[in-house]
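Position in the sequence shown (first residue = 1) + 7 = the working numbering.
Think of the CB as a built atom: it goes at the ideal place given N, C-alpha and C, for glycine as much as any other residue.
If you're wondering where the values come from, they're calculated on a predicted model, not measured in any experiment.
Report on one structure; see the data block that follows.
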Amino acid sequence: MSQLGAIVTSEGIRFAVWSSSARRSWVSIFDDTGACEVERLELRPEGEGVFALFAPGLAAGTRYGFRADGDYAPERGLWFDPGKLLTDPYAAEIDRPYQYHWRLAAKRNEGADTAPLMPKAIACPLPKPLPSKPPLFQPGGLIYELNVRSFTKLHPDVPEAQRGTVAALAHPAVIEHLKRLGVSAVELMPITASIDERHLPPLGLKNAWGYNPVTFMALNPRLAPGGLSELRDTVAALREAGIGTILDLVFNHSGESDRLGPTLSLRGLDAQAYYRHLPDGRLANDTGTGNTVACDHPVVREMVLDTLRHFARFAGVDGFRFDLAPVLGRVDGAFEPDAPLLQVIARDPVLSDRVLIAEPWDIGPNGYQLGNFRPPYLEWNDRYRDDVRRFWRGDAGVVGALATRLAGSSDVFGRAGQPVSRAVNFIAAHDGMTLADLVAYERKHNTANGEQNRDGHNDNLSWNNGIEGETDDAAITKARFDDQCALLATLFASRGTIMVTAGDEFGRAQKGNNNAYAQDNAITWLDWARRDEALEQYVSSLSALRRAYPILSDTHFLTGEPAAESEIPDVLWLTETGAPLGDADWNDPRRHRLVMLLGDSRGGRLAVMVNGDRRQCVFTLPAREGFVWLSAIETQAVDLMQPLPGRSVNLMIERRATAPERVRDG
């Protein structure tokens, strides 16, 4: 198939777009402001659904959009309307953000030309591809999920004009914070151009998360006013600091929504091909957003691949996280682990070494696919999230599930003899309660979203420590701090990749809102001035420990057998008395304590002591001649002769005893 989009040459621009159903297609050329259409050129059919034209004399910077004509029969998935200006699916840059207007969704002949309402694509030559470099991020590292706008909107050290943009991530103060936390890679929530859902403008709200794209390649001008070069420069600055960049991309649906939604791009070009439809002609809705992109269609598959190659070659990103990833693996509506798109991404010469992360669920038939993606895909592990929350909430009979999650979730990812965990372990993410809210609210509080608190999950596995929401009670405040520390220590002691969402390291809160997608305001903007510096320091210490001891970040499943070239088992599961956990212990619904004793090939040992009970307890660790147990984190120094406080995690390292320590122990 011919190259699609706007190809800039020294003599002019070649425009090309694909549609299998359109009878005619045009490119509209606009003036430098994008306000006035100065020329409309009809594209010529070239075969295989491609409409194209070379326009001599046009230069880089030309603003344009496509139009298409054919049958208008929405009940059959046909939406052709020459009065709708359509964004080029291959546009790499647009001149302004999308804004919802009812006329964008008007029926044919019932609304005026939509060109004044639409951003214009900008024809621009791409930069020279970057030299291919291996990703900095490796499985087992720390991913830091962040919303570009909310992350720096209130950052006092970032220049005001730069706050809330991709460029702000390259500011020295931001990079220093990321380095202090030991971040392996930042995962940027969607930065491609998106549109607000139609119910938000009447409520005075905006989509703050960006999971409602129009096209897949063009960046959001609000987040990256400098376009691709801004992203490229920021990725380079982060890489110079040893931090990789992962893009969260949305290929499962578009902001054109259901049959009442706006016609912006794919719908107006060929909705039958770009979107999945049910046998009765209705749009399939495996995403909960009104439409589902037909990722099994060859043209869509190539568009996704071209988008990924674009960001890998021209921005140098480490990899990608795929929102609602089962959609990418649906063939004729059913998920297939070996679906062509999933396989070709993993084998593509440009993409095969990139980090690939799947959110392994959608709401379609058999949409929950945790553990069913093939290597090298990593997967968000919500089983980890839920079991860890249940344990620390105090649920009965969860100690075995906690151990399984700490050990890498072999029950999920060890199928077919796989030796390593592909889990991305997390306790809180952008979707759901923040870490601080998790221990301060038993119920969601989403009234600010304008949906009478009906939206968002109802089962958050959260607890409030005695009072719902904000409080000045010192005892409750301390209990919440301790709970956050326990949850974070559990996460950093877990096998597999781990993920922290920006601000959870210093107590960000959203007033109990567990679906803050529409809150582009102080609810989601990180409050840097009021951050909990003690919690932040604790997270930094946990991260430093994880980096210093590969035994923690190793992704191989624990076996209970000695590691290579060692006589020490890679793990022992012990009670608080130091005895091995037996069947009765594992099955005791009242048990909330355990020790994970890790051993490595160098003969070293590290103990993760978990006291999920509310009562303090003295823990006993197995002793070895000539060795002593020392606290792994100075700020949490605990002598083994002293009781471990209730609802806490302590990490101890075994080291060779010095002469004074041997005398003292004797």
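Could you tell me the distance, in whole angstroms, from the CA atom of E477 to the CA atom of S359?
47 angstroms
Under the assumption that D287 contacts G371 (Cβ atoms under 8 angstroms), give the Cβ distance between them as a whole number of angstroms.
At roughly 16 angstroms, the Cβ-Cβ gap does not stay under 8 angstroms, so D287 and G371 are not in contact.
Using 8 angstroms as the cut-off, can you tell me whether the stretch 498-506 makes contact with the stretch 451-466, which would need three or more C-beta pairs spanning the two stretches below that distance?
no
If we count the other Cβ atoms within 10 Å of its Cβ and call it buried at 16 or more, is Y79 buried or exposed?
exposed
How should E572 be labelled, buried or exposed, when 16 other C-beta atoms within 10 angstroms of its C-beta is the threshold for buried?
exposed
Selection from S26, R622, I20 that minimises the alpha carbon distance to A67:
Of the candidates S26, R622, I20, the residue whose Cα lies closest to the Cα of A67 is I20.
How should N259 be labelled, buried or exposed, when 16 other C-beta atoms within 10 angstroms of its C-beta is the threshold for buried?
buried
Threshold first: 4 residues or longer. Then list the alpha helix (DSSP H) segments lying entirely within the stretch 150-201, N to C.
155-159, 179-188
Tell me which same chain residues have a C-beta within less than 8 angstroms of the C-beta of R487, skipping the five on either side of it?
A443, V446, A447, N472
Any non-hydrogen atom of the ligand PLP closer than 7 angstroms to T454 Cβ:
In the structure on display, the ligand PLP does not appear, and there are no ligands present to speak of.
W535: first and last residue of the uninterrupted beta strand (DSSP E) it sits in
Premise fails: W535 is in no beta strand (DSSP E) and is neither H nor E.
Limits of the beta strand (DSSP E) - the one that F22 falls within
Here the beta strand (DSSP E) through F22 covers 19-25.
With DSSP as the reference, please indicate the residues paired to L601 in a beta bridge.
V617
What does DSSP give as the partner residue(s) for Y545 in the beta ladder?
Bridge partners of Y545: none, in fact.
Below 8 angstroms between beta carbons: does that hold for L290 and D265?
yes
With a 10 Å radius around its C-beta and 16 neighbouring C-beta atoms as the bar for buried, classify A455 as buried or exposed.
Buried, since its Cβ has 16 or more Cβ neighbours within 10 Å.
Spatial distance of D313 from A301 (CA atoms):
16 angstroms
Thinking just about the alpha-carbon of each residue, which of R274, A130, A248 is nearest to the one in G234?
A130
So, W25 versus G56, is the Cβ gap smaller than 8 angstroms?
yes
Using the DSSP secondary-structure output, state which residues sit across from I36 in a beta bridge.
E46, Y71
Measure the CB-CB distance between L494 and R397 and report whether it falls below 8 angstroms.
no
Terminal residues of the continuous alpha helix (DSSP H) containing L409?
406-413
What's the gap between the Cα of A280 and the Cα of A99?
A280 and A99 have their alpha carbons spaced roughly 22 angstroms apart.
Under 7 angstroms Cβ to Cβ from R47, same chain only, skipping five residues before and after it: list those, please.
W33, S35
Would you mind sorting L267 into buried or exposed? The rule is 16 or more other CB atoms within 10 Å of its CB.
The C-beta of L267 has fewer than 16 other C-beta atoms within 10 Å across all chains shown, which makes the residue exposed.
Which class does I434 belong to by DSSP, given the choice of helix, strand or coil?
coil
contact_flag[the stretch 631-638, the stretch 654-662] where n(CB pairs < 8 angstroms) is 3 or more:
The stretch 631-638 is in contact with the stretch 654-662.
Enclosing alpha helix (DSSP H) for P5 [first to last residue]
Here the chain comprises residues numbered 8 to 673, so residue 5 is not present and cannot be evaluated.
Below 8 angstroms on the Cβ atoms is my contact criterion, and I expect E18 with P63 to pass it. Report the Cβ-Cβ distance as a whole number of Å.
6 angstroms
Touch test, the stretch 542-552 against the stretch 380-398, Cβ-Cβ under 8 angstroms, three pairs minimum
no
Report yes if the CB atom of L604 is closer than 8 angstroms to the CB atom of L588, and no otherwise.
no
On the DSSP letters alone, give me the boundaries of the beta strand (DSSP E) that S638 sits inside.
634-638
Work out the CA separation of K451 and G519 for me, nearest whole Å.
Taking the straight line joining both Cα atoms gives about 5 angstroms.
The beta strand (DSSP E) that contains R328, what's its start and end?
326-329
Check the DSSP bridge columns for A59 and list the partner residues they point to.
A23, R51
Can you tell me where the alpha helix (DSSP H) holding A365 begins and where it ends?
Element bounds for A365: not the alpha helix (DSSP H) but the beta strand (DSSP E), 362-365.
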